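Visitor: Mind looking over this structure? Questions follow.
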Amino acid sequence: MNSIGANDVMAPPAADLIAPSLKTRVISAAVLLPIVVAFLYVGGLGFALFLAFAAVLMAGEWDRLTGGRGFGQQGVMLAAGLVLVLTLGYLGKVEWALMVLLPIGVVLALLGQFWGRGMVWPVLGLFWLGLPCLALMWLRMGDQGMLAVLWLFVSVWSCDTGAYISGRSIGGPKLAPRISPNKTWAGLLGGILAAMVASVLLALISGSGSTVLFAIQGALLALISQCGDLAESSLKRRFDVKDSGNLIPGHGGILDRVDGVLFAAPALVLFFMIH
Numbered sequence: 155m156n157s158i159g160a161n162d163v164m165a166p167p168a169a170d171l172i173a174p175s176l177k178t179r180v181i182s183a184a185v186l187l188p189i190v191v192a193f194l195y196v197g198g199l200g201f202a203l204f205l206a207f208a209a210v211l212m213a214g215e216w217d218r219l220t221g222g223r224g225f226g227q228q229g230v231m232l233a234a235g236l237v238l239v240l241t242l243g244y245l246g247k248v249e250w251a252l253m254v255l256l257p258i259g260v261v262l263a264l265l266g267q268f269w270g271r272g273m274v275w276p277v278l279g280l281f282w283l284g285l286p287c288l289a290l291m292w293l294r295m296g297d298q299g300m301l302a303v304l305w306l307f308v309s310v311w312s313c314d315t316g317a318y319i320s321g322r323s324i325g326g327p328k329l330a331p332r333i334s335p336n337k338t339w340a341g342l343l344g345g346i347l348a349a350m351v352a353s354v355l356l357a358l359i360s361g362s363g364s365t366v367l368f369a370i371q372g373a374l375l376a377l378i379s380q381c382g383d384l385a386e387s388s389l390k391r392r393f394d395v396k397d398s399g400n401l402i403p404g405h406g407g408i409l410d411r412v413d414g415v416l417f418a419a420p421a422l423v424l425f426f427m428i429h
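To convert, note that position 129 of the sequence shown is 283 in my numbering; the numbers rise steadily by one, no gaps.
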C-alpha cells in the first residue's frame, strides 16, 4: 500500500473554507434582518422594548466578556442601569438619561470594587452600551427617524460585508495584526467603498438628500464602525475570548454583530447636531 505524504495532500481551496462560514452568516442575517426592520418600522414603544431587550442581552455578554458569569451580580446591575437609561430616553428625558449615567456608573464602580471585580469594566460597559442605545432611541424618535437608523444599519453592515469579502478575496497587508490578525487594509477600503455605494443607493431610493453628502457620511460611519470592531477585538484579546457569545450562528454574540453600530450611532447623532 502506498503511503501518502503530507506534501501529497492538497489543501482545499480558500473558497471552500470561506463558504460554510459565509453561508451561516447569510442565513443568520436573513432571519434577523426582517425582525430588526419590523421593530424599526413600528418605532415608538415597540422599538424601545426591542432596544431594552437587546441591551439586557448585551449586558450579560459584557459581563461574561470581562471575566464575569454573564448574568451575575454585575451583569444584572448593568442591565438594570441600561433599562433605566432607556426608559428615561423613551419618555423624552434624554438629558435626564445622560445625567443618571454618572451616578449609575458610581454605583456600579463601588459594587464592582465590593465584589472584587474592579471598578473599570462595569462603568465602561455602562457607557459602551448605554450611550449607543440612547443614541439609537434619539435617532428613531426624530422626524425621519426610521430612515436615519436604517441608514446607520445599512452603512455599518454593508461595510462589514464589503470588508469581509474584499479582505478574504484580496488579502494583503494587515490592518492591526496585534489586535485583529484577520483584518487587512484591503478589507477596510472595501468596506468603506461598500458603505458609500449603499448610502448613495439609499439616498436615491428615498430621495432624502444629496448623494454626495450621503456617500461622505457613509464613508465616515464605516470608518468609525471599524474602530468599534477593533475596539471590541482588543477587549476580547485582553480577556482571551473569541466571541462575546454564541447567540447568533456565524457571528457569535450580539456584541460581535453590533460592535460597529455601538460606535457609529453616537457619531451619527453628532452629524445631525452639526447639520
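Where is the CB? At the ideal position from N, CA and C, for every residue including glycine. Bear in mind the structure is a predicted one, so any value in this text is a computation, not a measurement.
Alpha carbon to alpha carbon, what distance is there between Gly325 and Asp397?
Guide: In a straight line, the C-alpha of Asp397 is about 23 Å away from that of Gly325.
Visitor: Would you identify the three-state DSSP class for Thr338, choosing helix, strand or coil?
Guide: Residue state, collapsed to three classes: strand.
Visitor: Counting beta carbon pairs with one atom in the region 201 to 218 and one in the region 401 to 421, are three or more of them shorter than 8 Å?
Guide: Yes: at least three Cβ pairs fall under 8 Å.
Visitor: Can you tell me whether DSSP reads Leu329 as helix, strand or coil?
Guide: Leu329: strand per DSSP, three-state reduction.
Visitor: In its own chain, which residues sit with a C-beta less than 6 Å from the C-beta of Ser320, not counting the 5 before and 5 after it?
Guide: Counting only Cβ-Cβ distances below 6 Å, and skipping sequence neighbours, we find Ala340, Gly341 and Gly344.
Visitor: Going straight from the alpha carbon of Pro327 to that of Lys337, what length do you get?
Guide: Roughly 9 Å between the two C-alpha positions.
Visitor: Identify, in the order they occur along the chain, each residue of the same chain with its Cβ nearer than 6 Å to the Cβ of Val191, setting aside the five sequence neighbours on each side.
Guide: Cβ within range, chain order: n/a, list empty.
Visitor: Kindly indicate the opening and closing residues of the alpha helix (DSSP H) around Lys390.
Guide: Run containing Lys390: Thr365 to Arg392, per the alpha helix (DSSP H) assignment.
Visitor: Pick out the complete alpha helix (DSSP H) segments inside the region 228 to 266, 4 residues or longer, and give them in chain order.
Guide: Counting whole runs of 4 or more residues, the region 228 to 266 contains no alpha helix (DSSP H) stretch at all.
Visitor: Let me make sure I understand the geometry here. Which of Met253, Met273, Val254 and Pro403 has the alpha-carbon closest to that of Leu262?
Guide: With distances taken between Cα atoms, Leu262 lies closest to Met273.
Visitor: Nearest CA to the CA of Ala376: which residue from Gln227, Asp314, Gly200 and Met295?
Guide: If we check each option's Cα against that of Ala376, Asp314 comes out closest.
Visitor: Could you tell me the distance, in whole angstroms, from the CA atom of Ile370 to the CA atom of Ile359?
Guide: For Ile370 and Ile359, the distance between alpha carbons rounds to 17 Å.
Visitor: Are Met300 and Gly197 closer than 8 Å when you measure CB to CB?
Guide: Yes, the pair counts as a contact, with Cβ atoms nearer than the cut-off.
Visitor: Where Pro257 and Leu389 are concerned, what is the direct C-alpha to C-alpha distance, given to the nearest angstrom?
Guide: The straight-line gap from Cα to Cα measures roughly 25 Å.
Visitor: Check whether the Cβ atoms of Ala357 and Thr365 sit closer than 8 Å, and answer yes or no.
Guide: In contact: Ala357 and Thr365 (Cβ atoms closer than 8 Å).
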